[in-house]
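Trainee: In full-length UniProt numbering, the protein residues as written are 256 to 622.
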Ligand code: G6P
């Protein structure tokens, strides 16, 4: 096992470091000569033009990818998206749009609820596209179309590279659908693709600074509650950051769309509670800052994750983590990295089993 960890103490950290490669390989599998080519996935332009609704169905972190992709697909490709938890979707009697596309996202391709939800959608006559990491898995075999993420085998229960590869796969879908529908120019198309291609090196840069997060994690290892707040894409990042922290460090944490704090959660904010804000969306930046200030005035300790350039953040929050800039639709791929590291280092500081957290399984093949 030591050999498999390639010098890392845990699989999770090894896989965090494999993210640039996972993303690069996944992008390279569909980007040919600077354009996205879905021939291997077998999605035609006629089909793309026909889809009037997208349903994204998944569990866990894959569902978080769906939440993030919803913002990106709706904004770029102007197709309404519903993101559904597979365990809910499969039992719900909802009218489905006949020319809708069901995108199921699953690292393992074996999650029982996701598989059942996909079968249900197929039975109702909808087209299915699976974004899957494991070749030949049940979901990959049964889906109409498959977009393989090339993250390689993921061992750690808490997903990192699987998640990151899924995210760029969904970004490619958003960009390609926007192009085929004539919603973006050739220049914008090339710009989005080249921005996606910068993500791996930017992640490498974030990882160089990991000791700062390690230091911060040691301070907060004894926290009982942590809140993550953000808006838009940043809210989706919060969902994932919160799950990473709670699943491996056993600290209660919740992610909130920042504007929802005032509808209940703010009553839980008291002295020294850690509130982590993710602020990468310029349109929403001031709004989230003001929500964080409301927490600060009630005693919260604030950590902010934002992009380089937003240096005034340091006047507002107690601990700031900067990530490089990429087109704002894709910022989630960068903002999530410090949060993965935070979950990892808190778990390590507490002496927990990082790769195999209690009660959890890598692949949930039961209902
Ligand atoms: C488990 C894993 C999660 C994963 C979820 C969905 O809960 O621990 O990391 O996100 O299953 O798995 P899938 O293989 O369908 O992506």
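Where is the CB? At the ideal position from N, CA and C, for every residue including glycine.
Where does residue 414 sit, in a helix, a strand or coil, going by DSSP?
Mentor: coil
Trainee: Please classify residue 603 as buried or exposed, where buried requires at least 16 other C-beta atoms within 10 Å of its C-beta.
Mentor: In this structure residue 603 is buried. Its beta-carbon is surrounded by 16 or more other beta-carbon atoms within 10 angstroms.
Trainee: Between the segment 414-430 and the segment 266-279, do three or more beta carbon pairs fall short of 8 Å?
Mentor: yes
Trainee: Taking only three categories from DSSP, how would you classify residue 518?
Mentor: helix
Trainee: In the DSSP assignment, what are the bridge partners of residue 529?
Mentor: Answer is 481 and 556, bridged to residue 529.
Trainee: Does at least one heavy atom of the ligand G6P sit under 6 Å from the Cβ of residue 317?
Mentor: At least one heavy atom of the ligand G6P sits closer than 6 Å to the Cβ of residue 317.
Trainee: Ends of the alpha helix (DSSP H) at residue 336?
Mentor: Run containing residue 336: none in the alpha helix (DSSP H); it sits in the beta strand (DSSP E), 336-340.
Trainee: If we ignore side chains and look at the alpha-carbon of each, how far apart do residue 584 and residue 439 end up?
Mentor: Using only the alpha carbons, I get a separation of about 14 Å.
Trainee: Helix or strand or just coil, what does DSSP make of residue 509?
Mentor: strand
Trainee: How about residue 334 and residue 298: do their beta carbons lie closer than 7 Å?
Mentor: no
Trainee: Taking the straight line between their C-alpha atoms, what separation do you get for residue 485 and residue 540?
Mentor: Using only the alpha carbons, I get a separation of about 9 Å.
Trainee: Would residue 600 and residue 469 qualify as a contact pair, given that the criterion is a beta-carbon distance under 7 Å?
Mentor: yes
Trainee: Kindly indicate which residue of 501, 587, 465 and 305 has the alpha-carbon position closest to the one of residue 491.
Mentor: The option with the nearest alpha carbon to residue 491 is 587.
Trainee: In this structure, what does DSSP give as the bridge partners for residue 358?
Mentor: Residue 358 is bridged by DSSP to 311 and 384.
Trainee: Suppose only complete runs of 4+ residues qualify. What are the alpha helix (DSSP H) ranges in the segment 261-321, listed by chain order?
Mentor: Secondary structure remark: continuous alpha helix (DSSP H) runs of at least 4 residues inside the segment 261-321, in chain order: 266-272, 274-285 and 300-305.
Trainee: Distance check for residue 327 and residue 448, CA to CA, integer angstroms please.
Mentor: A direct Cα-Cα distance of roughly 14 Å separates residue 448 from residue 327.
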